[in-house]
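I have placed the structure first, in the form of structure tokens, so that the comments after it can refer back to it.
Residue numbers (the working numbering): 414 to 696.
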């Protein structure tokens with residue numbers, strides 16, 4: 414039997430934020446079961462923790478969605494760091510992820526990680542296709558700062574600015590057009606859409622990845638980091654952003670992003686996490 418914990422991440426209140434299952438010691442789990450376990454939880458991600466390859470680091474962490482293993486994601490990094498701290502790992506820690514070592518620090522109940530990597534702009538999808546994929550008219554897309562762009566800091570998203578909160582609330586993703594986008598602009602997460610509205614430093618966002626069994630995600634730290642890097646490049650300045658996601662789902666999530674305009678841009682993502690369940694896997 415193997416112990417696991419469930420955390421709500423990017424919230425300080427139980428039953429908000431984004432759910433994450435953490436296996437703090439996955440060494441006894443057979444490789445062939447990892448994807449099945451992630452599918453059984455059916456959260457957007459599950460993490461499996463192993464001893465680090467480099468003894469100078471804290472742990473190696475593998476991240477699974479319901480359909481695949483991914484190299485990096487934000488809420489699993491924050492949630493796993495807080496889970497390990499709750500289990501007695503004191504002080505700052507370095508987690509070995511698929512994108513390399515990620516440093517994590519703590520301030521009170523909040524954890525933060527910093528990623529400094531070049532922003533990779535993979536494609537500029539057709540705005541009309543993006544609008545149809547979101548179930549919106551093309552007039553809803555705001556290209557003032559940037560047109561829709563597929564970009565990554567380790568996990569690819571289509572970043573889409575919308576004109577109003579009403580447009581964001583009206584999103585009704587079309588799987589048919591998302592599938593068309595995935596075929597036209599292939600990437601690791603199948604045409605995952607991160608739509609947002611920005612008012613100064615305040616951002617309201619929604620993320621949809623139905624082809625990867627994530628109809629909507631309540632909190633997406635990796636997409637938030639990618640957006641923060643993109644806006645820093647486009648605006649040419651350091652940024653501090655407060656990102657609200659999951660509100661439409663009834664799971665409000667609060668993500669803080671802080672950037673330094675450098676080469677490469679440095680992005681720090683921070684947030685809280687609350688343990689809501691724990692148990693043992695008996696398979």
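No residue lacks a Cβ here, since even glycine has one placed at the ideal position from N, Cα and C. The structure presented is a predicted model; accordingly, all values stated were derived computationally and were not measured.
Check for me: the beta strand (DSSP E) holding residue i runs from which residue to which?
i, result
"residue 473", "472 to 477"
"residue 671", "666 to 673"
"residue 684", "679 to 694"
"residue 427", "From DSSP, residue 427 is part of no beta strand (DSSP E); its letter is neither H nor E."
"residue 569", "569 to 574"
"residue 533", "533 to 536"
"residue 564", "562 to 565"
Kindly indicate if chain C contains any beta-carbon less than 7 Å away from that of residue i.
i, result
"residue 685", "Looking for chain C here will not work: only one protein chain is present."
Quick check on the burial criterion: 16 or more other C-beta atoms within 10 angstroms. Buried or exposed for residue i?
i, result
"residue 566", "buried"
"residue 580", "buried"
"residue 650", "exposed"
"residue 663", "exposed"
"residue 617", "buried"
"residue 599", "exposed"
"residue 645", "buried"
"residue 563", "buried"
"residue 422", "buried"
"residue 589", "exposed"
"residue 582", "exposed"
"residue 541", "exposed"
Output the boundary residues of the alpha helix (DSSP H) element that contains residue i.
i, result
"residue 543", "540 to 546"
"residue 580", "578 to 582"
"residue 527", "Run containing residue 527: none in the alpha helix (DSSP H); it sits in the beta strand (DSSP E), 523 to 529."
"residue 597", "588 to 597"
Kindly give me the distance between the Cβ atoms of residue i and residue j, rounded to whole angstroms, as I take these residues to be in contact under 8 Å.
i, j, result
"residue 689", "residue 420", "7 Å"
"residue 575", "residue 554", "6 Å"
"residue 461", "residue 475", "5 Å"
"residue 573", "residue 586", "With a Cβ gap of about 12 Å, residue 573 and residue 586 do not count as contacting."
Using CA coordinates, which residue listed in the options is at the minimum distance from residue i?
i, options, result
"residue 648", "430, 674 and 583", "674"
"residue 571", "605, 499 and 579", "605"
"residue 516", "496, 472, 633 and 458", "472"
"residue 416", "428, 430, 435 and 431", "435"
"residue 531", "693, 681 and 642", "642"
"residue 524", "492, 465, 676 and 639", "492"
"residue 477", "489, 467, 469 and 470", "489"
### Message
Runs of 4 residues minimum, wholly inside the region 611 to 654: which ones carry the alpha helix (DSSP H) assignment?
### Response
Counting only unbroken stretches of 4 or more residues, the alpha helix (DSSP H) elements lying wholly within the region 611 to 654 are 634 to 648, in sequence order.
### Task
Entirely within the region 435 to 517 and at least 3 residues each: give me those beta strand (DSSP E) ranges in chain order.
Given a length threshold of 3 residues, each whole run of the beta strand (DSSP E) inside the region 435 to 517 is given here in chain order: 458 to 463, 472 to 477 and 506 to 510.
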